[in-house]
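This report concerns only the one structure given below.
2 protein chains.
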Amino acid sequence: MITIKDVAKEAGVSVATVSRVLNNKGGAKPETITHVENVIKKLNYKPNKIAKSLSEGSSNLIALLVPTLNNPFFPELVREIEKVANENGYNVYLCNSDDDRMKVEYYLESMIDHYVSGAIINSLHVDASDLAELEKRGIRTITIDRANFEHPYSAITVDHTLGAQLAVTHLIRDEKCNNIVFISGPKNEKSAIDRLTGFTLALNEAGHPVKTHICYGDFGTASGYENTKALIQNGHSFDSIFCANDAMAIGAMRACHEFGIKVPSEVKIVGYDNISLASYMYPTLSSVDQCKEDIGRLAVNELIQLIKNPKNKQKQYELEPKLVIRNSSTINGGSINE
Amino acid sequence: MITIKDVAKEAGVSVATVSRVLNNKGGAKPETITHVENVIKKLNYKPNKIAKSLSEGSSNLIALLVPTLNNPFFPELVREIEKVANENGYNVYLCNSDDDRMKVEYYLESMIDHYVSGAIINSLHVDASDLAELEKRGIRTITIDRANFEHPYSAITVDHTLGAQLAVTHLIRDEKCNNIVFISGPKNEKSAIDRLTGFTLALNEAGHPVKTHICYGDFGTASGYENTKALIQNGHSFDSIFCANDAMAIGAMRACHEFGIKVPSEVKIVGYDNISLASYMYPTLSSVDQCKEDIGRLAVNELIQLIKNPKNKQKQYELEPKLVIRNSSTINGGSINE
DNA sequence: TTGAAAGCGCTAACAG
DNA sequence: CTGTTAGCGCTTTCAA
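What follows is the structure, given as structure tokens:
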């Protein structure tokens with residue numbers, strides 16, 4: 001293991017000088033700088049980030065807490081966040097809670113243990129006091145979506161009321177549906193509640209009565225499948241299904257297929273998240289796009305500036321979703337490229 | 339921030355004693371131990387892992403380098419590995435290379451910077467000298483699959499020759515296919531080569547001539563789609579497609595759908611990986627199961643024992659894949675639960 | 001059974 | 001412009 005001391009000795013300067021060069025702190029003769037840089041190269045020296053973190057009292061690690069990796073939306077989000085974080089010299093400590101409070105607690109502690117300098121939180125199982133605890137320990141936080149509680153910290157949400165409204169209006173107005181099933185997420189969840197609001201808004205705007213049925217899933221593919229299967233088996237009739245995420249929509253579509261129900265001619269389906277697989281489903285899946293890219297970029301940028309300027313005020317952002325219409329909800333749906 | 343010193347002061351002992359209690363080093367009076375433990379609890383003290391790592395010269399971080407998060411197989415594998423690592427007190431530093439050599443290099447350096455104590459490597463863009471460099475720096479390594487080169491370090495592979503053979507034999511013997519398209523992975527890739535070997539073996543075993551066509555994808559859904567589309571548009575006829583992974587199989591299936599080709603009655607499709615979505619496709623996707631769970635558990639356990647016993651010899655493991663038959667390759671395919 | 005103190009590799013006053 | 005030195009929080013000899 002080759003250290004800053006070795007470099008200093010070899011270069012005939014002090015460790016302080018090497019440190020200055022390393023961190024571009026300036027205040028060193030240009031020749032000294034080049035000389036030191038050459039020695040660093042020659043020795044193939046790599047600063048030890050652990051030591052740096054300890055010394056500075058903070059790391060270049062950003063924690064990213066996600067509820068699951070099972071739902072394709074999250075790997076896609078992880079990817080975006082990782083990319084932007086790397087661009088800015090930060091590394092991501094991925095914490096997959098598997099929707100389990102125990103794991104959330106494990107990871108919250110782990111974040112503290114690892115001196116992460118900030119955390120991007122996306123979990124149902126985190127509450128305001130958890131965030132407060134992190135902030136108290138000097139870890140800046142930002143929540144993404146699904147935050148089902150009030151808190152004074154930075155937050156990014158997507159306007160799920162609007163998202164649901166777009167989807168349901170599409171079903172009612174464009175597709176003349178009048179018997180809609182809404183497979184929601186867990187009842188206590190803010191995004192589920194918001195989407196229900198949007199659902200209701202769209203119904204009100206319809207100007208004519210529309211039959212509805214609401215059931216509750218857990219955002220897993222299986223729950224979309226089981227809910228739909230149960231409805232069919234119970235003889236419940238419907239002409240469309242709006243699912244609170246794509247995973248459940250895929251499950252719902254599967255159930256329809258199994259019972260020989262044609263999508264979209266007999267039942268139209270719209271999902272939420274616009275995962276990349278949506279355009280490869282059969283039929284291609286209409287979905288509300290949450291703009292993962294925007295969420296990811298915004299989350300990292302906001303967090304970094306919180307880290308760099310500790311006195312900055314937290315901000316709240318709300319993004320606008322877009323409806324992407326494909327074949328699962330309309331006969332004239334888009335092609336693979338949409 | 340509350341440190342070991344605070345605990346020591348509050349407990350009226352030295353930091354050395356607190357450290358002993360913390361790490362169950364023994365050699366302390368039982369009463370002292372309980373007393374210190376109480377103070378720790380009372381103060382809600384958490385040892386700083388950064389400091390611990392620096393002091394010990396190693397962290398409890400395991401790096402996990404994956405080629406992509408786009409292909410659902412990898413999030414599923416990540417999840418397994420993370421789970422087992424956590425059970426053993428290790429945390430995972432997820433490195434997603436997006437199949438890009440630049441990113442691989444970035445992460446290899448980052449692993450060194452972060453003093454990870456071991457690395458699980460799954461990437462086409464890592465070679466023996468990269469592994470040697472890590473090992474030289476005291477980072478134990480284990481490769482998973484896809485290692486397209488020889489190296490003396492620990493490795494886990496799946497018998498892809500067998501996997502391909504199972505799939506193709508199924509198509510030939512069970513389904514009487516005699517015009518098979520094989521959508522392979524990148525040409526230079528070991529797993530692709532092995533699968534080709536298995537493909538050939540199955541053909542030889544058939545005992546009668548079978549027409550074949552081989553094309554090369556990149557494991558992305560789009561490449562399965564494009565390859566299949568091109569074949570169809572070129573008027574190439576075939577009665578079955580074997581894809582080197584499920585993502586491409588989903589793309590291939592999509593292309594068939596678009597051209598009104600019925601799966602499985604006109605064309606049978608088998609994928610590889612057995613991702614969880616396979617049983618929700620329409621039709622459900624037959625696939626070769628790589629046993630992610632076994633791979634993950636084995637990788638972590640092997641790595642941990644390498645870390646703990648530096649003089650232990652590296653080992654090579656080869657796992658056996660299993661064919662899971664569903665509806666995409668047979669009329670009498672399995673149900674959702676298979 | 002315990003404590004004092006050196007040291008892990010780096011940063012950042014402070015002094016020169 | 002550069003060097004000295006005191007930490008960052010923890011582990012671990014070595015003595016007591």
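So the sequence lines, in the order shown, correspond to chains U and S. Mapping of the first sequence onto my numbering: position 67 corresponds to residue 67, and the numbering continues sequentially without gaps. Positions in the second sequence are counted from 1; adding 338 to them yields my numbering. The beta carbon of each residue, even a glycine, is placed where N, CA and C say it ideally should be.
Asked                                                                                                                                : Found
Residue from Tyr431(S), Ile669(S), Gln628(S), Leu446(S) whose Cα sits closest to the Cα of Asn612(S)                                 : Gln628(S)
Pro321(U) - DSSP class collapsed to helix/strand/coil                                                                                : coil
Bounding residues of the beta strand (DSSP E) (the contiguous stretch that carries Asp273(U))                                        : 268-273
Under 8 Å between C-beta atoms of Ala244(U) and Thr228(U)                                                                            : no
CA nearest to the CA of Ser492(S), picked from Val345(S), Lys651(S), Cys553(S)                                                       : Lys651(S)
Cutoff 8 Å: His257(U) Cβ touching any chain S Cβ                                                                                     : yes
Supposed contact pair Asp344(S) and Leu381(S) - C-beta distance, whole angstroms, cut 8 Å                                            : 6 Å
CA-to-CA distance, His508(S) to Cys515(S), given in whole angstroms                                                                  : 9 Å
Close-in-space but distant-in-sequence residues of the same chain around Ser352(S) (CB under 7 Å, 5 per side omitted)                : Ala346
Segment limits, alpha helix (DSSP H) that includes Asn376(S)                                                                         : 368-381
Inter-stretch contact at 8 Å, needing at least 3 Cβ pairs: the segment 276-294 of chain U / the segment 160-167 of chain U           : yes
DSSP beta-bridge partners of Thr330(U)                                                                                               : Answer by DSSP bridge pairing: none, since Thr330(U) is not bridged.
Beta carbon proximity, Asn24(U) to chain S, threshold 8 Å                                                                            : no
Counterpart residues of Arg140(U) in DSSP-defined beta bridges                                                                       : Gly118(U)
Per-residue DSSP class, three states only, for Leu285(U)                                                                             : coil
Residue burial classification, Glu447(S) (beta-carbon count within 10 angstroms, cutoff 16)                                          : exposed
Pick from Glu369(S), Val377(S), Lys390(S), Ala505(S) that is closest to Asn361(S), judged by C-alpha positions                       : Lys390(S)
Contact with chain S by Ser53(U), beta-carbon distance below 8 Å                                                                     : yes
Closest Cα partner of Pro405(S) within the set Arg326(U), Arg79(U), His208(U), Leu65(U)                                              : Arg79(U)
Simplified DSSP state of Ile112(U), which is helix, strand or coil                                                                   : helix
Contact set between the segment 444-468 of chain S and chain U, restricted to residues whose Cβ is under 8 Å from the partner        : Tyr444, Glu447, Ser448, Ile450, Asp451, His452, Tyr453
Residues of its chain near Glu676(S), where Cβ-Cβ distance is below 7 Å and the 5 sequence neighbours each way are ignored           : Interpretation of Glu676(S) is limited by its pLDDT of 32, a score under 50 that renders its predicted location unreliable; no figure is taken from the coordinates.
Simplified DSSP assignment, three categories, for Tyr90(U)                                                                           : coil
Segment contact flag, the segment 443-463 of chain S with the segment 357-377 of chain S, C-beta cutoff 8 Å, min 3 pairs             : no
Ranges of the beta strand (DSSP E) found wholly within the segment 161-186 of chain U, counting only runs of at least 3              : 179-184
Per-residue burial, Asn204(U) [other beta carbons within 10 Å of its own, 16 or more giving buried]                                  : exposed
Ile518(S) to Val506(S) span [Cα, whole Å]                                                                                            : 8 Å
Cβ-Cβ distance between Ile250(U) and Thr284(U) below 8 Å                                                                             : no
Beta carbon proximity, Ile342(S) to chain U, threshold 8 Å                                                                           : no
Contact belief for Gly217(U) with Ile183(U) at Cβ below 8 Å, rounded distance in angstroms                                           : 5 Å
Reference Ile645(S); option with closest CA among Asn426(S), Ile477(S), Pro524(S), Ile342(S)                                         : Ile477(S)
Contacts around Ser335(U), its chain only, beta-carbon distance under 7 Å, and the 5 residues preceding and following it disregarded : Confidence at Ser335(U) is low in this model, with a pLDDT of 41, below 50, so its placement is unreliable and the value that follows should be read with caution. The answer is none, since no qualifying residue turns up.
Opening and closing residue of the alpha helix (DSSP H) in which Tyr280(U) lies                                                      : First-last for Tyr280(U): undefined, no H or E at that position.
DSSP three-state assignment for Ser575(S), whether helix, strand or coil                                                             : coil
Under 7 Å from the C-beta of Glu82(U): neighbouring residues of chain S                                                              : Asn434
Within chain S, the residues that Pro72(U) reaches when beta carbons sit closer than 7 Å                                             : Pro410
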